[in-house]
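A.B. asks: Could you have a look at this structure, given as structure tokens, before my questions?
Residue numbers (the working numbering): 7 to 339.
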């Protein structure tokens with residue numbers, strides 16, 4: 007198992023800094039706690055927005071018209087609208103408590119559970135959407151943070167703190183990698199079947215046109231994308247690249263900020279072309295990766311480029327060809 011983990015770390019390029027030792031880890035824990043603070047502060051805003059959203063849903067949904075998912079099946083035995091509004095308010099209070107008492111696991115757990123129930127309410131009207139899934143997942147991961155004051159942490163506790171943060175980053179980026187791999191698989195299947203798919207130059211234009219017809223909307227750049235497929239096609243390929251290797255980028259700290267902004271640009275792009283945007287994901291990318299304590303500052307551009315997934319492939323191919331030529335020369339001589 008140790009050898010497998012070692013090979014995985016070698017492939018993704020992950021390692022803690024070799025300079026600074028204990029002090030370096032202590033500094034990163036301080037930066038990591040700032041991320042926790044910002045996450046729970048942002049949770050207050052998101053929970054307050056959920057209070058408004060749940061209030062609107064209860065006004066539009068009659069008693070008995072809810073289609074409750076399994077975590078909320080018990081609500082049917084009560085006044086559903088009243089229970090849901092109370093849950094949303096309790097979630098807001100829980101977010102406030104989680105910020106103030108973030109060093110206590112029980113408080114973090116209570117907030118995660120309350121947020122889970124309130125976010126489930128939004129998806130209990132007959133359709134499933136996922137704007138809150140990543141935020142909720144991150145909240146449950148943060149429950150695992152060691153309790154206590156970080157100034158008094160042992161080295162083991164500090165490493166545990168950073169490991170939990172890295173876990174939250176990896177699980178969040180895994181969602182993008184899964185989405186990217188699905189696009190690649192569907193594109194490969196279509197290519198092998200000789201039918202239009204995700205690797206077709208018209209792929210993005212067809213998707214945008216179909217979306218506009220279904221929703222009756224006219225996003226700002228929809229017409230440009232539909233009318234200029236070859237211009238925007240490289241951008242679609244770039245999106246698949248960024249999504250597929252999002253998880254790998256998690257373990258290459260030099261890529262944290264770059265990948266965060268690339269994915270934020272993707273979300274902005276989906277708004278400009280389809281009027282779809284996940285505000286919570288944009289915020290989470292900013293908190294977990296733009297503010298990442300693992301990301302080195304003022305790194306040389308050449309090092310960042312070398313860390314890009316697949317960037318070494320051309321050099322490896324060139325080296326392999328050079329070796330073959332050299333071997334052939336020795337044999338003929």
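Every residue gets a Cβ at the ideal spot worked out from N, C-alpha and C, and that includes glycine.
Given this structure, state the Cα-to-Cα distance separating residue 22 from residue 178, to the nearest angstrom.
C.D. replies: Only weak support is given to the placement of residue 22: the predicted model assigns it a pLDDT of 47, under 50, and the question is left unresolved by the model.
A.B. asks: Starting from residue 112, trace the alpha helix (DSSP H) both ways and give me its first and last residue.
C.D. replies: Its alpha helix (DSSP H) spans residues 111 to 128.
A.B. asks: Work out the CA separation of residue 220 and residue 207 for me, nearest whole Å.
C.D. replies: For residue 207 and residue 220, the distance between alpha carbons rounds to 22 Å.
A.B. asks: How long is the line joining the alpha carbons of residue 24 and residue 310, rounded to whole angstroms?
C.D. replies: Bear in mind that the predicted position of residue 24 carries a pLDDT of just 46, short of 50, making it too unreliable to give a figure here.
A.B. asks: Have a look at residue 294 and residue 123 and give me their C-alpha separation to the nearest angstrom.
C.D. replies: Rounded to the nearest angstrom, the two C-alpha atoms are 24 Å apart.
A.B. asks: What residue range does the alpha helix (DSSP H) around residue 174 cover?
C.D. replies: Counting along the chain, the alpha helix (DSSP H) containing residue 174 begins and ends at 161 to 198.
A.B. asks: Measure the C-alpha to C-alpha separation of residue 317 and residue 244 and round it to an integer number of angstroms.
C.D. replies: Near 14 Å, if we compare the C-alpha coordinates of residue 244 and residue 317.
A.B. asks: Under 6 Å Cβ to Cβ from residue 113, same chain only, skipping five residues before and after it: list those, please.
C.D. replies: Cβ within range, chain order: 103, 104 and 107.
A.B. asks: Answer with buried or exposed for residue 145, where buried requires no fewer than 16 other C-beta atoms within 10 angstroms of its C-beta.
C.D. replies: Buried.
A.B. asks: Could you tell me which of 80, 278 and 88 sits nearest to residue 227, measuring between CA atoms?
C.D. replies: For the residues 80, 278 and 88, the minimum Cα distance to residue 227 belongs to 278.
A.B. asks: Let me know the alpha helix (DSSP H) ranges lying completely inside the region 267 to 315, each 4 residues or longer, listed in chain order.
C.D. replies: Within the region 267 to 315, the complete alpha helix (DSSP H) runs of at least 4 residues are 285 to 291 and 307 to 313.
A.B. asks: Helix, strand or coil for residue 151 per DSSP?
C.D. replies: Three-state result, residue 151: coil.
A.B. asks: Can you list, in chain order, the residues of its chain whose CB lies under 7 Å from that of residue 38, leaving out five sequence neighbours each side?
C.D. replies: Counting only Cβ-Cβ distances below 7 Å, and skipping sequence neighbours, we find 167, 168, 171 and 299.
A.B. asks: In the structure shown, what three-state DSSP assignment does residue 338 receive?
C.D. replies: Residue 338 falls in the helix class under three-state DSSP.
A.B. asks: Please say whether residue 141 and residue 261 have beta carbons closer to each other than 8 Å?
C.D. replies: Contact: no.
A.B. asks: Considering residue 79, what are the terminal residues of the alpha helix (DSSP H) in which it resides?
C.D. replies: From DSSP, residue 79 is part of no alpha helix (DSSP H); its letter is neither H nor E.
A.B. asks: Is it right to say residue 313 is buried, meaning 16 or more other beta carbons lie within 10 angstroms of its own, or is it exposed?
C.D. replies: Under this definition residue 313 is a buried residue.
A.B. asks: Sorted by chain position, which residues of the same chain lie with C-beta nearer than 6 Å to residue 137's C-beta, five sequence neighbours on each side aside?
C.D. replies: So the qualifying residues of the chain are 284 and 286.
A.B. asks: Less than 7 Å between C-beta atoms, sequence neighbours within five positions excluded: which residues of the same chain meet that for residue 214?
C.D. replies: So the list reads 228, 231, 232, 279 and 280, once near-sequence residues are dropped.
A.B. asks: Taking just the CA atoms, how far does residue 326 sit from residue 54?
C.D. replies: Distance between the alpha carbons of residue 54 and residue 326 is about 58 Å.
A.B. asks: Does the separation of the CB atoms of residue 263 and residue 301 fall below 8 Å?
C.D. replies: Yes; because the gap between Cβ atoms is below 8 Å, this pair is in contact.
A.B. asks: Identify every run of the beta strand (DSSP E) within the region 204 to 270, keeping only runs that are complete inside it and at least 3 residues long; order them along the chain.
C.D. replies: Counting only runs of 3 or more, we get nothing.
A.B. asks: Is the beta carbon of residue 73 sitting closer than 8 Å to the one on residue 131?
C.D. replies: Cβ atoms of residue 73 and residue 131: closer than 8 Å.
A.B. asks: Excluding five sequence neighbours on each side, which residues of the same chain lie with their C-beta closer than 7 Å to the C-beta of residue 59?
C.D. replies: Here the set comprises 128.
A.B. asks: According to DSSP, simplified to helix, strand and coil, what is residue 317?
C.D. replies: Note: residue 317 maps to coil in three-state DSSP.
A.B. asks: Considering just the uninterrupted stretch of the alpha helix (DSSP H) at residue 135, what are its terminal residues?
C.D. replies: Per DSSP, residue 135 belongs to no alpha helix (DSSP H) and is neither H nor E.
A.B. asks: Quick one: Cα of residue 211 to Cα of residue 225, how far?
C.D. replies: Each residue's Cα considered, the two are about 13 Å apart.
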